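Residue numbers (mature numbering (1 follows the signal peptide of the UniProt record, and there is no 0)): -21 to -1, 1 to 203.
All C-beta atoms, glycine included, are put in the ideal place defined by N, C-alpha and C.
If you're wondering where the values come from, they're calculated on a predicted model, not measured in any experiment.
This report refers to the structure that appears directly beneath it.
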């Protein structure tokens, strides 16, 4: 009888711990259950993103955010200067800038929870992005991939063809990518300063399609 009681107590404790493994928060800051979280996140009409992290108690927190797209107007020359400092080379004059941003502690991809991008990780990613980048460069767009300070990156910064860099001093984390999002973010900066940020899992070539006038005018009034 005592053994049965012990087993039942253990099962109850395991259930209680399991129930506390994840916390789900909606875009209004209210705690919800997993089913409601999944339903809201997958509703494309809500235009939501999510950020997940492990708190100090080891519990995974999943927070929905209403920030799929963000717009702004920034000093293009300052952005270019700060980016050139990071990549240690000049950006062609009046090129449109496309930045892909990766956040520290992002739980998007299991093998990189440790914030460490090895040579193999980079090679694997570049198998996908290299062909896309060749096409993007032909459109007078400078495409750079940044990693938040605090991550380690086995890149080749002195290679003229390198486009993976650490965002030293969190320059762009603090200026453009202020809201961490699972699977990163993208930003397009035009020479006139118009800037479009798209948070969440995406592709660089898909981001470039926003430059088509019919798409750009959904976010900005200018014809530049």
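Contact check, residue i vs residue j under 8 Å by CB: the rounded distance?
| i | j | result |
| --- | --- | --- |
| residue 167 | residue 190 | 7 Å |
| residue 238 | residue 143 | Because the chain is modelled from -21 through 203, residue 238 falls outside the range shown and cannot be assessed. |
| residue 115 | residue 184 | 7 Å |
| residue 96 | residue 122 | So it is not a contact: roughly 17 Å between Cβ atoms. |
| residue 45 | residue 10 | About 17 Å; that fails the 8 Å criterion. |
Could you tell me which residues DSSP puts in a beta bridge with residue i?
| i | result |
| --- | --- |
| residue 146 | 127 |
| residue 36 | Answer is none; residue 36 lacks a bridge partner. |
| residue 120 | 75 |
| residue 49 | 176 |
| residue 3 | 11, 41 |
Measuring straight from C-alpha to C-alpha, what distance separates residue i and residue j?
| i | j | result |
| --- | --- | --- |
| residue 55 | residue 14 | 43 Å |
| residue 27 | residue 150 | 25 Å |
| residue 16 | residue 69 | 44 Å |
| residue 180 | residue 67 | 28 Å |
| residue 1 | residue 8 | 15 Å |
| residue 128 | residue 86 | 16 Å |
| residue 113 | residue 107 | 11 Å |
| residue 51 | residue 59 | 16 Å |
| residue 22 | residue 94 | 30 Å |
| residue 12 | residue 195 | 37 Å |
| residue 43 | residue 30 | 7 Å |
Checklist entry - Between the segment 78 to 85 and the segment 159 to 166, are three or more C-beta pairs nearer than 8 Å? => result yes
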